[in-house]
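Per our numbering, the sequence shown starts with residue 1163, numbered consecutively.
Below you'll find the structure, written out as structure tokens, and then a few comments.
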Amino acid sequence: MKRVITYGTFDMLHYGHINLLRRAKERGDYLIVALSTDEFNWNSKQKKTYFSFEKRKQLLEAIRYVDLVIPEEGWEQKVNDIKLYQVDEFVMGDDWKGQFDYLADETDAEVVYLERTPEISTTQIKRDLNHSDLVTEHKSEIS
Ligand code: C2G
């Protein structure tokens, strides 16, 4: 059984995340997602998530490609996770290309970067929603 792991915040789940998870699962038989906790997001990634860890975990567990969700509490847990869960392949979107190559030296896992899905991101969704509010407000003012 080939075991794959990937890491992320997965806030406001969108098709870019799903494309990543689908392709990660296609590379093996069992996919583990290490989901960033609220504390890790805030303290280490300066990310304030829209959904809490529990809600983001619930969403990920509903995805057919995902077999197990574990917490990501820090940058340094990856080597231990790979050993503990006997992971064969570590997968990330290629916005992280090169950042995790050290894992191939420190573990038996392969490191694979998959192409990001263009145009979509949680930040973009928030930006678009804010802009649409402004436009709506503006229209209501002039109508
Ligand atoms: N992703 C993607 N295409 C997008 C958006 C995201 O392929 N349009 C991928 C990212 O490359 C990442 C995964 O989806 O592999 C999760 O993205 P984020 O939730 O933004 O995760 P990130 O904040 O990059 O956290 O230790 C690693 C970090 O936890 C990664």
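Quick reminder that beta carbons are idealized off the backbone N, C-alpha and C, glycines included.
- Annotation: the continuous alpha helix (DSSP H) that includes residue 1215 extends over 1215-1223.
- Counting the other CB atoms within 10 Å of its CB gives residue 1188 a total below 16, which places it among the exposed residues.
- Between residue 1165 and residue 1250, the CB-CB gap stays under 8 Å.
- Remark: the C-beta of residue 1169 is in contact range of ligand 1, defined as less than 7 Å to any heavy atom.
- Secondary structure note for residue 1202: it is in no beta strand (DSSP E), and the uninterrupted alpha helix (DSSP H) holding it is 1200-1207.
- Here residue 1227 carries a coil assignment [DSSP, helix/strand/coil].
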